[in-house]
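Peer 1: For my numbering, count along the sequence shown from 1 and bump the result up by 18.
Shown below is the structure under consideration.
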Amino acid sequence: MPSKAGTTRLVIVESPAKAKTISGYLGPGYVVEASFGHVRDLPRNAADVPAKYKGEPWARLGVDVDNGFHALYVVSADRRQQISKLVKLAKEVDEIFLATDEDREGEAIAWHLVETLKPKVPVKRMVFHEITKPAIQAAVANPREIDRDLVDAQEARRILDRLYGYEVSPVLWKKVMPKLSAGRVQSVATRIVVERERQRMAFRTAEYWDILATLAVGNAGEGPRTFNATLVALNGDRIATGKDFEPTTGRVRPGAGVVHLDSGGAGGLAARLAGRPFTVTRVEEKPYRRRPYAPFITSTLQQEAARKMRFSSQQTMRTAQRLYENGYITYMRTDSVNLSETAIAAARRQIVELYGERSVPPEPRRYTGKVKNAQEAHEAIRPAGDNFRTPGEVRGELSTEEYRLYELIWRRTIASQMTDAVGSSVSVRIRAVSSAQEEADFGATGKTITDPGFLRAYVESSDDENAEAEDAERRLPTLVKDQPLTADELAAQGHHTQPPSRYTEASLVKSLEELGIGRPSTYASIMQTIQDRGYVVKRGQAMIPTFLAFAVIGLMEQHYPRLIDYDFTASMENELDEIAGGDHAAVDFLTGFYFGTANGAGDRDIARSGGLKKLVTENLSDIDARSVNSIPLFTDEEGREVVVRVGKYGPYLQRTLPGEQPAPKTEGEEGGGQADRAPTAPIPEGVAPDELTPEKVHELFLGGGGERKLGDDPSTGEPILLKSGRFGPYVASGERKSSLLRSQSPDSLTLDDALKLLTLPRVVGVAPDGTEVLAANGRFGPYVKQGEEFRSLDSEEKMFTVTLDEALALLATPKSRQRRAAAPPLREMGVDPLTELPLVIKDGRFGPYVTDGETNASLRRAQSPESLTIEEASEMLAEKRAKGPAPKKKAAAKKAPAKKATAAKKTTTAAKKTAAATRSTAAKKTTTAKTTTAKKAAPKKAAPRKATTPATD
């Protein structure tokens, strides 16, 4: 697309990938350059604060709260070189187009660019929601000014999060542990996960029984001959199901009015019903109709990618970013379900081509979202362009992850414009009278789909893995009232109530969205932040809160409940939306929140109580560190109170009798030390809070994770203790320590075993040259050693039995340079759901790792070959593939002779001068070459992600 005659334009985007795609759609006279994300931000630490501001009382915050909340922005150190380049380019062009993303964050980046570059030429804002040639040309032809309301809303969010994080986090440092962080959204997200774990900890399971009958019809006609029905009532009273039990007691809810069958009751009733006639008492048939799902928005895309492909939120957004920047999909941060008229027409055309005219409804479908103040992009996530490319057409151009995500988006978009799925559902009641004259009612339901409609293209998944798919049918025989049936089988079935499921990233994003907390651009970063801060760990897809999270949320709930209140956080989002709409002033909002106001500007409760500053400083001395770092579990059978304490070196268990006074805290133990007299036991890594049952706690105190005396060393008289350390169980006596062997278990370890271990490293003898020969256990297994020579032993037992002659003979053999025969894998996991390659776990030099034969990923410290799930393994390998191969170390250059070095230096200097002159001349003639030419030797840089702000959100 040619620019005006003689006019040179600089187009600035966030990433090189985006710049490369857009530059292909613009003709001569356009220079497309990347800013590499955010160019300025609030100071990260004291070192970032410019010298002239270091003495200011507000320098720590980076925000002058006493002067209209003026923010101190500094250019990131890793952006300075690029900014210099952009400043130079800005002086050489006639006009600047800022083509950053169309959400608030993108608008703020555009504003920061203007403030940093200070251009002397006209500046326009160029916006688009897809990177296609028509969209880019339309954006160039219809620029606008920077929207200051959107900028103010984003800056208010940034300052709000800084104030929250920098005022509340120091409280956590003093009362819980140094280097912790609190955030307006991250703390609330953590609270949601902690509350679910509390429910699981308080849960008490209940057992209930019913009867599953396999019933047969005499003359089936069309349809199956047999079907299953479940006992639903006895003598008119409903049979108890899982929903009828109190989750905290395991007892039937008061007033439930149900019959609670146990094993004996269900088995006896089944026996009394055997051979009795069954009769259909009721048949109800209703039409079934299911409307298509709305197109994807950010949250639903993350949820479905997690359910169907086991993608993390970060993985989904990273992949979607690449698809967007390369022109395959529309902008991926949006909470609007709207489709443009062009997109609707493209979808309807493709439906006719692929599924026929009957699959297209008479009128286009238009969706309205449930998200209040949808404010990001103005269209749902869909394939880019006026004509959608099918997944088959783009498969050869995309990576596996990109292809699967594109296919998901394409199918959802197409399905959203297809006809309803229709069919019929039927509900049947059957009665039988037992030999004891008990009236037993059984129920069965069926579903038949006569026209699958949109289900041909897309079926949504559920967070409940046991839930029935929407396109599944349950066919029943044709039944009529009073029809006789016979029971082929009557089986008593037992069930147990289940605790509420832990959150996954998908279900947590869904919960945040339903509560009105966060926005599309923040969901993925929230998921990552709560994991990076040590508040949540993932086991497979499940998100498990740590005891550190329990302590932090406990402190916030007791002393700052409003700051982690769901309504408070949602109301903050609504006020930021009002600022974006121009209906509220950012300064008034921040003033009310931080200092408080009589009229309740900002959050009313916080404003009227004097604001955040007063809230976090006024009652700091009232917070008891020991209390907030103690998480009560239960009282054991001996009347001892069992609590988890969050200590400096990790969480540990403690048991105390009522009224027992712990030792006084020593100086510096406020964060939860282990100076108490009461017995303690460390909690091993990987134990979830709800797994600390009385049985598990007893096991840990016995020695599985705590400390147990095995006896006394007969030679020294010192006690021999079994302990659990960071790297596993070990025995200790005085200064001697020795880890347990791989074949040993803490539960079965005896005093003799411990004495044997404490002989290691064992002196086998003295070699003829006078050096000692040792047998010991190392990182890579058992070995013998003489001086600097090592040789491996083929079994752990040989450490205790190898003789001097055997050891010397082994040490005399040359080190094997040949590769050992490949050891069998530790575990075969199955097929990777992403790449469909077989996954195995192997034992490597540096520990176990998972591999698909092409990519390897080491297991993390908290993971084990036995517990690693296929989803975790797939995600680990996907992340490793995304990082690419590790850069090879460059060999050190050999020094050349002095004369040659001097000559080379002169040549290099001359070359630099020539290159500089050439670049200067080229810059004056044209700007296009500026961005497309590069030194051939320079490796390609990966497109950086949009820079994120410090984790206080």
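Just so you know, even glycine gets a beta-carbon here, dropped at the ideal spot from N, CA and C.
Below 8 Å on the Cβ atoms is my contact criterion, and I expect GLU343 with ILE149 to pass it. Report the Cβ-Cβ distance as a whole number of Å.
Peer 2: 7 Å
Peer 1: The alpha helix (DSSP H) spanning ASP606 covers which residue range?
Peer 2: 604-612
Peer 1: Let me know the secondary structure DSSP gives ALA231 once reduced to three states.
Peer 2: strand
Peer 1: Taking 9 Å as the threshold (C-beta atoms), are VAL50 and ALA37 in contact?
Peer 2: yes
Peer 1: In the DSSP assignment, find the unbroken alpha helix (DSSP H) run with ASN592 in it and report its ends.
Peer 2: Taken as a continuous stretch (DSSP letters only), the alpha helix (DSSP H) holding ASN592 covers 584-598.
Peer 1: Inspect the CB distances between the stretch 332-351 and the stretch 419-430 and report whether three or more fall short of 8 Å.
Peer 2: Counting Cβ pairs under 8 Å, three or more are found: they touch.
Peer 1: Assuming contact is defined by CB atoms lying nearer than 9 Å, are LEU252 and GLU456 in contact in what I supplied?
Peer 2: yes
Peer 1: Given a threshold of 16 other Cβ atoms within 10 Å of its Cβ, counted over all protein chains shown, does SER330 qualify as buried or as exposed?
Peer 2: buried
Peer 1: Is VAL646 helix, strand or coil by DSSP?
Peer 2: helix
Peer 1: Determine the DSSP secondary structure at ARG835, reduced to helix, strand or coil.
Peer 2: Because ARG835 sits at a pLDDT of 48, beneath the cut-off of 50, its placement in the model cannot be relied upon, and the point is left open.
Peer 1: Alpha carbon to alpha carbon, how far is ILE571 from VAL477? Give it in angstroms, no decimals.
Peer 2: 38 Å
Peer 1: Under the DSSP definition of a beta bridge, which residues are partnered with HIS514?
Peer 2: Its beta-bridge partners are GLU225.
Peer 1: Suppose you measure from the CA of TRP129 to the CA of HIS88; what does that come to, to the nearest Å?
Peer 2: 15 Å
Peer 1: Under the three-state reduction of DSSP, which class applies to THR25: helix, strand or coil?
Peer 2: Note: THR25 maps to coil in three-state DSSP.
Peer 1: Checking 9 Å against the spacing of the C-beta atoms, do VAL715 and LEU675 come in under that value?
Peer 2: no
Peer 1: Using the three-state DSSP reduction, which class does ASP765 fall into: helix, strand or coil?
Peer 2: coil
Peer 1: Report the residue ranges of all alpha helix (DSSP H) runs contained in full by the stretch 59-124; include only those spanning at least 4 residues, in chain order.
Peer 2: 98-110
Peer 1: Can you grab the Cα-Cα spacing for the pair PRO305 / ARG218, in whole Å?
Peer 2: 39 Å
Peer 1: Could you give the distance in angstroms between the alpha-carbon of ARG300 and the alpha-carbon of ILE448?
Peer 2: 7 Å
Peer 1: Helix, strand or coil for GLU507, going by three-state DSSP, please let me know.
Peer 2: strand
Peer 1: Evaluate contact between the stretch 163-179 and the stretch 105-123, counting only Cβ atoms and requiring at least three cross-stretch pairs below 8 Å.
Peer 2: Taking 8 Å as the limit for Cβ pairs, the verdict is that the stretch 105-123 does touch the stretch 163-179.
Peer 1: For the beta strand (DSSP E) containing PRO800, list its first residue and its last residue.
Peer 2: Residues 799-804.
Peer 1: Taking Cβ to Cβ, would you say SER627 is nearer than 9 Å to LEU633?
Peer 2: Yes.
Peer 1: Whole angstroms are fine: how far does the CA of ARG271 sit from the CA of PRO242?
Peer 2: 39 Å
Peer 1: Which of helix, strand or coil does DSSP assign to ALA947?
Peer 2: Legend: pLDDT at ALA947 = 35, less than 50; position of this residue unreliable, value from coordinates given subsequently. In the structure shown, ALA947 sits in a helix (DSSP, three-state: H, G or I).
Peer 1: Give every residue of the same chain whose Cβ lies closer than 8 Å to the Cβ of ALA921, excluding the five residues on either side of it in the sequence, and list them in chain order.
Peer 2: Note that ALA921 scores a pLDDT of 41, beneath 50, so its modelled location is shaky; the value from the coordinates is reported in the next line. Cβ neighbours of ALA921 beyond the five flanking positions: none.
Peer 1: Got a sec, what are the start and stop residues for the beta strand (DSSP E) LEU792 sits in?
Peer 2: Residues 790-796.
Peer 1: Do you know offhand how far GLY4's Cα is from PHE221's?
Peer 2: With the chain represented from 19 up to 971, any question about residue 4 goes unanswered, as that position is not in the structure.
Peer 1: Quick one: Cα of ASP654 to Cα of PRO517, how far?
Peer 2: 22 Å
Peer 1: Buried or exposed for ALA928, please, with buried defined as at least 16 other CB atoms from any protein chain shown within 10 angstroms of its CB.
Peer 2: Because the pLDDT at ALA928 is just 40, under 50, the model does not fix this residue reliably, and the value given afterwards should be weighed accordingly. With fewer than 16 other Cβ atoms within 10 Å, it is exposed.
Peer 1: Are there three or more Cβ pairs, one per stretch, closer than 8 Å when the stretch 814-831 is compared with the stretch 783-792?
Peer 2: yes
Peer 1: Shortest alpha-carbon distance to SER199 belongs to which of VAL555, THR463, ASP179?
Peer 2: Taking only the C-alpha atoms, the option nearest SER199 is ASP179.
Peer 1: Assuming TRP227 contacts GLY283 under a Cβ cut-off of 8 Å, what Cβ separation, rounded to an integer in Å, is found between them?
Peer 2: 7 Å
Peer 1: Can you give me the C-alpha to C-alpha distance between THR431 and ALA312, rounded to a whole angstrom?
Peer 2: 8 Å
Peer 1: Using beta-carbon positions only, say whether THR547 and GLN204 come within less than 9 Å of one another.
Peer 2: yes
Peer 1: Just the C-alpha distance for LEU497 and GLY260, rounded to the nearest angstrom, thanks.
Peer 2: 29 Å
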